[in-house]
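For the sequence shown, position 135 (counting from the first letter as 1) is numbered 159 according to this note's numbering, and the numbering increases by one without interruption.
Even glycine gets a Cβ: it sits at the ideal position worked out from N, Cα and C.
All of these numbers come straight from a predicted model, not from anything done at the bench.
So the structure is just underneath, and the comments pick up after that.
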Amino acid sequence: MQLHELMAPEYSDYPFRLYKKLHESGPLIQAGENVMISGHHAIVEALLNDKRAGKNYMESVRLRFGDDATALPVFQGISRMFLVLNPPEHARLRGLVMKSFSSKEIHALREIAFTVAHNLVDAFAGRDGCDLAQQFAFPLPVRIICRMLDVPETDAVSLGGAASALVKVFDPQITEQDLLKATEAFAVLEAYFSALIVSRQGCTASDLVSLFLRSENNGDKLQHDEIIANVILLFIAGHETTSNMICNAVLALHDNPMELELLMQDRSLLPAAVTECVRYDSSVQMVYRIALDDIEVQGRIIPQGASLFLSLGAANHDPMVFSSPEVLNIRRREGRSLSFGGGLHHCLGYRLALAEMEVALEVLLTRLPKMRPVTAGIQRNRRANLRGVSVLPVTW
């Protein structure tokens, strides 16, 4: 199996086929010289929690796009995001934003999310249908992250469009046209947030941009380019991943009407339903690691320097961990979903993502109880990673 096979069109609408192929191909699949893929839960979970399975983003860029691509500003910028760094640089940057994702802060943001969600529904509830992706799922989390960054919500549409183009670079492989669009999108976001950072110099506010500017560790302050890169990371992470998870959850529930009806009758199942939907059809499908040393896992030796592509989606459908994994079961009480990663790089915004999903589903179930997707009009985003939809027409 080769990396390009992960992008095969037949897997876009039916990822279960890819998961099955990964499971049948063995715990560790050789996908090229010193390149391995795994979709087995035990292997993926072990590597996510093993510090020897670290990050080397530029090596992944070389592997996917060639040596010349490493000089592109888009990849240079991403290489400064704490998402792709190892300790101690990773801890230095991640620690700065942790307090903005505490349980106390999430509770306040949850209340804001309810207000935003109801306002969004107010705009189209009087009609008989809408594009739920563009009119609800995408604007909901982007308005929340705009508030966290203290960015005008009037800029959300243009920034969100740029973020959607940029995240394609996290796929294993993309077209030259998509890479060009991603490069242009990064330039747009870089210019916007660079100007924003300059305007916040000396600011004492509590937004994430101002916190970055004031951060200091023994006289070591973040550089301008570091702040830009990590503000962009927070924006795309707080926008794209959650938006796609909301759409995926809506589709999963409507594809399983008995589970939907159960949730309609018992809203106390909402947290469990969100957890199961995230397992069933995860937005983040894959993460990259590199073996910083020889690693023994499940009786297999991974040599130092090996590039590792870990399929979270396949791990979440491992039949050795989840009974009937292809079945949505909102009362499931087994296994551990790996959709938010693990170890040092476990998603720091997972509480906010889960809260936004719960709010989104509760508001939709309450305000639009007869809502149904128009299957013929659904358009998948055709990504191997950050899986979701770009168009989700619904009627009621």
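| Query | Result |
| --- | --- |
| Pick from Ser414, Arg171, Arg406 that is closest to Pro196, judged by C-alpha positions | Arg406 |
| Through-space distance from Arg238 to His278, alpha-carbon basis | 46 angstroms |
| Bridge partner(s) assigned by DSSP for Val59 | Ser331 |
| Met269, buried or exposed, once every other Cβ within 10 Å from all chains shown has been counted against 16 | buried |
| Same chain, Cβ closer than 8 angstroms to Gly329, five either side skipped, listed in chain order | Asn58, Ile314, Ala315 |
| Close Cβ partners of His370 (< 7 angstroms) along its chain, the five nearest in sequence each way excluded | Phe364 |
| Coil, strand or helix - Glu358 by DSSP | coil |
| Beta-carbon contacts of Asp202 that lie in its chain and below 7 angstroms, excluding the five residues immediately before and after | Lys192 |
| Span of the alpha helix (DSSP H), counted from its first residue to its last, around Cys154 | Taken as a continuous stretch (DSSP letters only), Cys154 belongs to no alpha helix (DSSP H), being part of the beta strand (DSSP E) at 153–155. |
| Segment limits, alpha helix (DSSP H) that includes Ile270 | 266–278 |
| Contacting residues, own chain, Cβ-Cβ under 6 angstroms from Leu52 (five flanking each side not counted) | Met60, Ser62, Arg324 |
| Buried or exposed by the 16-neighbour rule on C-beta atoms within 10 Å, applied to Gln309 | buried |
| Option nearest Tyr81 by Cα separation, candidates Gln100, Asn340, Leu72, Ala66 | Gln100 |
| Completely contained alpha helix (DSSP H) runs for the region 68–134, where each covers 4 or more residues | 81–89, 97–102, 113–121 |
| Limits of the beta strand (DSSP E) - the one that Ile314 falls within | 310–315 |
| Counterpart residues of Ile325 in DSSP-defined beta bridges | Glu320 |
| Identity of the residues DSSP links to Pro417 by a beta bridge | Asp155 |
| Residue from Arg291, Leu336, Gly359 with nearest C-alpha to Leu385 | Arg291 |
| Distance between Pro165 and Gly373 (C-alpha atoms, nearest Å) | 12 angstroms |
| Three-pair Cβ contact test at 8 angstroms for the region 293–302 versus the region 339–354 | yes |
| Proximity to Cys301 [Cα-Cα], best of Glu350, Gln322, Asn110 | Glu350 |
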